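Written below as structure tokens is the structure these notes are about.
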Amino acid sequence: MKVMVTGGNGFVGRVLVERLLEDGFLLNGQPVTSLTVADMSCAGLPEDSRITCVEGSIADASVLAKAVAGEPEVVFHLASIPGGAAEKNFELGLDVNLTATVNLYEACRKFSKPPRMVFTSTIAVYGSPMPEVVTDESPLKPHISYGYQKLATELLLQDYSRKGFIDGRIVRLPGIVARPPQPSGLLSAFMSDIFWKLKAGEPFTCPISAEGVAWFMSVPCCVNNLIHAASISPEAIAPKRDFTLPVLRLTMQQLIDGLAEAYGEDRKGLVTFEPDTHLEAGFATQPPLVSDAALALGYQHDGDIQTLIKRATSVY
Ligand SMILES: NC(=O)c1ccc[n+]([C@@H]2O[C@H](COP(=O)([O-])OP(=O)(O)OC[C@H]3O[C@@H](n4cnc5c(N)ncnc54)[C@H](O)[C@@H]3O)[C@@H](O)[C@H]2O)c1
């Protein structure tokens, strides 16, 4: 099986790449025989003879052409400019999140056989404030450029799939944890930092209140869902290709209590709260999510807080 991962050296991509290369791993019943990773840099990726690394921006036509030259049978399209950066630099967001993505679809349309594509979208397509309850029927009303760009490329992937050019599968990701503790500039970084700080027994200043409620998913669970998305039969996916992944919806206090259960009761005393109005609005009011259709199709959340914590801190 020939596979390509764009953004394969990012936070989620690295874990996906490692999983695809695991001994005995089968994607849709077949071993991964070649894996093209397209990313700005491939530094730090595993040494494996199956990997071909294409370094550079997929917004550059020659880089994209090189990346797709082998006509992968399954494409995981993760490369993206995150929300904050796309808001600050409109042209960069447009170039990568929209134009390069459409160019990737166009390249795939010309393959001798339509590839299967898993596209990572975002819950930012719901906008802010989010609906009181999010269901499969909830309106999609982005409020930032990143959300608009992801929604536009969701819609186009639906059309390329309708035309039979690509067999697309869209998964909207919630906040994935726990990103390694490096300065990322992401507004949501605190959602990951709390895991590492309390695991290490260090003080943590929480920028949202104890009652603030957010959607969580561990990076291994996310990767399970991406692989699952690639494995759903064309017949089962055809009626509905876009799914918001099921989540664990937790208050910060529930998460802190869970981390204290995992690492020691003293962790509770390490947290102080300094709520920030902007972060409260963006990350502390995530409503109930009814994801029956996604669950019925086999997408999963982490199950319980302790599994979330164990998985979230197990890979980086
Ligand atoms: N992590 C989350 O919480 C989250 C939430 C919602 C949606 N998503 C989506 O999931 C996907 C993966 O997220 P992530 O957290 O791993 O992101 P990330 O920013 O850690 O990784 C993205 C990767 O894409 C690469 N990239 C960016 N522009 C590129 C370009 N022009 N050409 C080639 N490569 C490029 C980056 O170098 C990086 O390695 C993204 O599409 C993102 O929008 C993630």
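Count along the sequence shown from 1, then add 230; that gives the number in my numbering.
Every residue gets a Cβ at the ideal spot worked out from N, C-alpha and C, and that includes glycine.
Predicted, not measured: the structure shown is a model, and the values here were computed from it.
Quiz item: Alpha carbon to alpha carbon, how far is G398 from H307?
Solution: 10 Å
Quiz prompt | Residue of F473, T331, P437 and L370 minimising C-alpha distance to V501 | solution = Sorting F473, T331, P437 and L370 by C-alpha distance to the C-alpha of V501 places P437 at the top.
Quiz item: Rounded C-beta distance between I288 and A316? I'm assuming under 8 Å.
Solution: With a Cβ gap of about 15 Å, I288 and A316 do not count as contacting.
Quiz item: What is the rounded straight-line gap between the Cα of S422 and the Cα of S439?
Solution: 16 Å
Quiz item: DSSP beta-bridge partners for F503?
Solution: Residue pairing for F503: DSSP places it in a beta bridge opposite C436.
Quiz item: Is there at least one non-hydrogen atom of ligand 1 closer than 6 Å to the beta-carbon of G394?
Solution: No; taking the cut-off as 6 Å, the Cβ of G394 has no heavy atom of ligand 1 nearer than that.
Quiz item: Any heavy atom of ligand 1 closer than 6 Å to the CB of T537?
Solution: no
Self-check item: Span of the beta strand (DSSP E) around M447
Solution: V443 to S448
Quiz item: Count the other CB atoms within 10 Å of the CB of E495; is the residue buried (16 or more) or exposed (fewer)?
Solution: By the 10 Å Cβ count, E495 comes out exposed.
Quiz item: Quick one, are the C-beta atoms of M231 and L257 less than 7 Å apart?
Solution: yes
Quiz item: Whose C-beta lies closer than 8 Å to the C-beta of L489 among residues of the same chain, with five residues either side of it excluded?
Solution: I424, F425, L428, K429, R497 and I539
Quiz item: Near A542, which residues of its chain fall below 6 Å by C-beta distance, leaving aside the five closest residues on each side in sequence?
Solution: Only V407, A408, F425 and S448 meet the Cβ criterion.
Quiz item: Quick one: is K380 buried, meaning 16 or more other Cβ sit within 10 Å of its Cβ, or exposed?
Solution: Per the 10 Å Cβ criterion, buried.
Practice problem: Could you check which residue in E336, V326 and T365 has the C-alpha nearest to that of T477? | Solution: Before going further, note that residue 477 is Val rather than Thr in the sequence given. When only C-alpha atoms are compared, the closest one is T365.
Practice problem: Determine the direct distance from the alpha carbon of T383 to that of V245, and round the result to whole angstroms. | Solution: 24 Å
Quiz item: Where G240 and G405 are concerned, what is the direct C-alpha to C-alpha distance, given to the nearest angstrom?
Solution: 15 Å
Quiz prompt | From G323, M347 and Q388, residue whose alpha carbon lies closest to that of P469 | solution = Nearest of G323, M347 and Q388 to P469, Cα basis: Q388.
Quiz item: Between the beta-carbon of S351 and the beta-carbon of R402, is there less than 7 Å?
Solution: yes
Quiz item: Any idea if P312 is buried or exposed, counting beta-carbon neighbours within 10 angstroms, 16 or more meaning buried?
Solution: Residue burial annotation: P312 is buried, with at least 16 other C-beta atoms found within 10 angstroms of its C-beta.
Exercise. Tell whether a beta-carbon distance below 7 Å holds between E285 and S271.
Key: yes
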